[in-house]
Every structure is written in C-alpha cells, then in structure tokens.
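As numbered in the UniProt record's numbering, residues 1 to 334 make up the sequence shown, in order. Here the structure comes first, spelled out in structure tokens, and everything after it is commentary.
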Amino acid sequence: MNTSICYIVTGCTGYVGNVLTKKLLAEGCRVRGLARSREKAARIFGETAPELIFGDISDSAALDALFAGEGPFVVIHTIAKVTIGEGSKKELHAVTVDGTRAIVEMCVERGAKLLQVSSTEALGGVFDENVTYRPDPARCDTDYARAKAEADRLALDAVHTRGLDASILLLSSVLGPGDYSNSHMTQMMIEFIEGRLPASVKGGYNDFDIRDLADVLPAVIGRAQAGEGYIFAHQPDEINDILAVIAQMTGRRVPPTLPLWVAKVGAPFLMLAAKLTGKRPLYTGAAIKSLEARADFPIGKSVRAFGFAPRPLEETVRDHVRFLLDEGMVHLKQ
Numbered sequence: 001m002n003t004s005i006c007y008i009v010t011g012c013t014g015y016v017g018n019v020l021t022k023k024l025l026a027e028g029c030r031v032r033g034l035a036r037s038r039e040k041a042a043r044i045f046g047e048t049a050p051e052l053i054f055g056d057i058s059d060s061a062a063l064d065a066l067f068a069g070e071g072p073f074v075v076i077h078t079i080a081k082v083t084i085g086e087g088s089k090k091e092l093h094a095v096t097v098d099g100t101r102a103i104v105e106m107c108v109e110r111g112a113k114l115l116q117v118s119s120t121e122a123l124g125g126v127f128d129e130n131v132t133y134r135p136d137p138a139r140c141d142t143d144y145a146r147a148k149a150e151a152d153r154l155a156l157d158a159v160h161t162r163g164l165d166a167s168i169l170l171l172s173s174v175l176g177p178g179d180y181s182n183s184h185m186t187q188m189m190i191e192f193i194e195g196r197l198p199a200s201v202k203g204g205y206n207d208f209d210i211r212d213l214a215d216v217l218p219a220v221i222g223r224a225q226a227g228e229g230y231i232f233a234h235q236p237d238e239i240n241d242i243l244a245v246i247a248q249m250t251g252r253r254v255p256p257t258l259p260l261w262v263a264k265v266g267a268p269f270l271m272l273a274a275k276l277t278g279k280r281p282l283y284t285g286a287a288i289k290s291l292e293a294r295a296d297f298p299i300g301k302s303v304r305a306f307g308f309a310p311r312p313l314e315e316t317v318r319d320h321v322r323f324l325l326d327e328g329m330v331h332l333k334q
C-alpha cells in the first residue's frame, strides 16, 4: 500500500471502523481516526493507536484537524447511526446524512478519495449487480435504510457534479471479532450465552465476517471506481444457524423459535419496555422487516474486482464468541 497517503477513518472506534483501522496500521499506513471516546479508543487500540482526533462528525474544528496537512488523503467514512428502529429520527439524520454531507464537502475541498461504508438495506430491493447503484430513499422501507440511501446519494451526486472520487461499500450484516460497540447481534449472542434469551425468532438475514472486508481493503482502496457501488455479503442465513453454533460451543439449548407474526405482535411491547427500562430492544418492527426481506445479495462484482472471499459462517460465529469471552464481554453461566 502507498504509505505516503494519509488514511482517514471516521468512526475509528466503531465495529467496522476499528477493524479497518487495525488493518491499515498492520499494513504500515499513516492513519488518522475520528473518535468520540478517549476511553474506548484506549481500550481498542492500546499502544498501537492511530493518530486520533476526538470530536463529533458535526464539529467543524474536529474535521479541520482530521484533514490537516498536505495529504494526499483517502477517507474511509464509517460513521452512521446504526438502528433497527429505536432511537431518534433526528439523530439518525444528523449523524448519517448531515455527517456524510460534511465529509463530502471536506473531501471535495481537499481532493480526497472517499470510500463510503453503507448498507445493503440502502439498495431498496434492487439486486442486479449489473445495474449501476442509484440510491433512492423512496424505495427503502425503514428510516435507517432511507438515511443510508440519502447519504449515498449525496456522495454520488458529488461524483457526477463536482468531480469527487467516491465509491460506496454496501455491507450486509457484519459479524466477527471486533465488536466493542455491542451491536444487536452481539447483544443477542451475549443474552443467549448467559441464559437470558427466552426465545428465538424465525427468519434471518445475510451475515459476513468483517475480517473478509479487511483482507481485501488494500485492493478496494486501489481499485474501487468512482461512482460505483460494491456489495460485501455472504449468503442468507437464519438466526437459529448462529445460535446452533453457539450452542455447540457452550452447551446451551437453542430456545423456542417464535414465528414472525408473533414477533410482530410483541414488537411494540418490547419498544415500550425498552423506553421504560432504558435498555435497547433486541428486535423491533424495522428489524422484523429485515428478517423477512430478501437477502441473497450478489457479490460477484466484489469477488472479481477485489478477490473478496467470505469465509464459512461457523468459523465467523466461533471467532466472534471467542472474542467476546476474551474481552470479558460475556460470561458463561452454568
């Protein structure tokens, strides 16, 4: 990799962000990361941290510091408000859309290459990889997907009207070591391992190992074409596929599986309980839509362009659980 480039990672302590940051550091790259928490950054990186700029994506002073110096710059923009329907729509828009707008402006101003990390949910049901990605929030059926599509459109509009060199990386659900942020899937794993998951839900999505994106990151940086979208995924799976692997590791029994219609009925009550207790719900109405949605995302374009090769789900789940145990994020209870 070109070590004269300054690689900027927004959200460098997030799930995707920290794994990609560590890959760049391992390649000997000069890395500058935007983070909010000094404590979290210290926990994740220890003594091998990148140059860290602390602040919010809306903080112009932090962005100025992030882009300080002569460059050249490659920006990996991972910051977004990941949600399954809980939380504030205003915050979702401010972080995901307005945050992207700010990054796009800085990239245009500084002549930076932008790799924007997005979600397959932003595809809005268009699965033909031979069709150029044209994000359309109106095709999306959740607030999160609409926000991601709107953010992607901002970046791609700048490609066509302002000469920005930007590509979109469309990620399906992410698993594997590195989730210090306690994603919803990690939360479910923890509750299952600790015997606090009363039931599973029929359905699933498409989970791939974030390490498989990290493995091809040098190729992505070097070969991603401006204005193009690239899908990173694996194959459709079920929640019970994941729980079955964990059950083999821990001796836990997979709990009873609820049909989706039961989950739909219960979702509003889980949301109410979450508001009363301050705890995040394991699933919501928006999450159920994802569990019902088509998830056979075509990855041929990323395979051909970058050599992307997703590993078996069982390996990913086993390593994810070992990571949680090693980090003290979960404790086996008898």
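No residue lacks a Cβ here, since even glycine has one placed at the ideal position from N, Cα and C.
Check whether residue i and residue j have beta carbons under 7 angstroms apart
i	j	result
residue 208	residue 310	yes
residue 117	residue 31	no
residue 231	residue 168	no
residue 19	residue 251	no
residue 142	residue 78	no
residue 222	residue 133	no
residue 355	residue 73	With the chain covering 1 to 334 only, the question about residue 355 has no answer from this structure.
residue 257	residue 301	no
residue 156	residue 120	no
residue 1	residue 218	yes
Residue i, enclosing beta strand (DSSP E) - first and last residue
i	result
residue 170	165 to 171
residue 6	6 to 10
residue 158	Taken as a continuous stretch (DSSP letters only), residue 158 belongs to no beta strand (DSSP E), being part of the alpha helix (DSSP H) at 143 to 162.
residue 191	No beta strand (DSSP E) holds residue 191; the alpha helix (DSSP H) holding it covers 184 to 193.
residue 44	Segment 38 to 45 is the alpha helix (DSSP H) holding residue 44; no beta strand (DSSP E) there.
residue 311	Neither: residue 311 is in no beta strand (DSSP E) and is coded neither H nor E.
residue 51	51 to 54
residue 31	30 to 35
Rounded separation between residue i and residue j - CA only
i	j	result
residue 247	residue 213	27 angstroms
residue 160	residue 166	10 angstroms
residue 5	residue 67	12 angstroms
residue 233	residue 173	8 angstroms
residue 139	residue 296	18 angstroms
residue 253	residue 29	45 angstroms
residue 122	residue 43	32 angstroms
residue 98	residue 244	40 angstroms
residue 129	residue 315	27 angstroms
residue 215	residue 23	8 angstroms
residue 135	residue 125	11 angstroms
residue 84	residue 149	Reliability fails at residue 84, whose pLDDT of 47 lies under 50, so the model's placement of it is uncertain and the value that follows must be treated cautiously. For residue 84 and residue 149, the distance between alpha carbons rounds to 15 angstroms.
residue 13	residue 198	31 angstroms
residue 226	residue 110	16 angstroms
residue 200	residue 62	42 angstroms
residue 58	residue 95	8 angstroms
residue 210	residue 307	15 angstroms
residue 294	residue 204	10 angstroms
residue 92	residue 322	32 angstroms
residue 53	residue 153	27 angstroms
residue 151	residue 56	17 angstroms
residue 46	residue 40	10 angstroms
residue 318	residue 37	29 angstroms
residue 106	residue 255	49 angstroms
residue 176	residue 320	5 angstroms
residue 75	residue 186	27 angstroms
residue 70	residue 180	33 angstroms
residue 220	residue 60	28 angstroms
residue 239	residue 249	16 angstroms
residue 328	residue 3	35 angstroms
residue 100	residue 326	34 angstroms
residue 304	residue 131	16 angstroms
residue 324	residue 7	28 angstroms
Close beta carbons around residue i, own chain, < 6 angstroms, minus the five adjacent residues each side
i	result
residue 269	Annotation note: pLDDT 47 at residue 269 (below 50); position unreliable, coordinate value reported separately. So no residue of the chain qualifies.
residue 190	330
residue 224	167
Cβ shell of residue i (< 7 angstroms), same chain only, five flanking positions each side left out
i	result
residue 158	104, 108, 164, 166
residue 333	194, 195
residue 313	207, 234, 237, 241
residue 89	143
residue 146	137, 140
residue 48	25
Limits of the alpha helix (DSSP H) - the one that residue i falls within
i	result
residue 15	15 to 26
Contacts around residue i, its chain only, beta-carbon distance under 8 angstroms, and the 5 residues preceding and following it disregarded
i	result
residue 50	9, 12, 21, 24, 25, 31, 32, 33
Any non-hydrogen atom of the ligand COA within 6 angstroms of residue i CB
i	result
residue 179	As presented, the structure is devoid of all ligands, the ligand COA included, so that no description of it is given.
Test: residue i CB closer than 7 angstroms to a CB of chain D
i	result
residue 252	The chain labelled as chain D is not found in the depicted structure, where only one protein chain is given.
If we require 3 or more residues per run, which beta strand (DSSP E) segments fall completely within the stretch 65 to 142?
73 to 77, 113 to 119
Sequence ranges, alpha helix (DSSP H) only - wholly within the stretch 208 to 247, length at least 4:
210 to 215, 217 to 223
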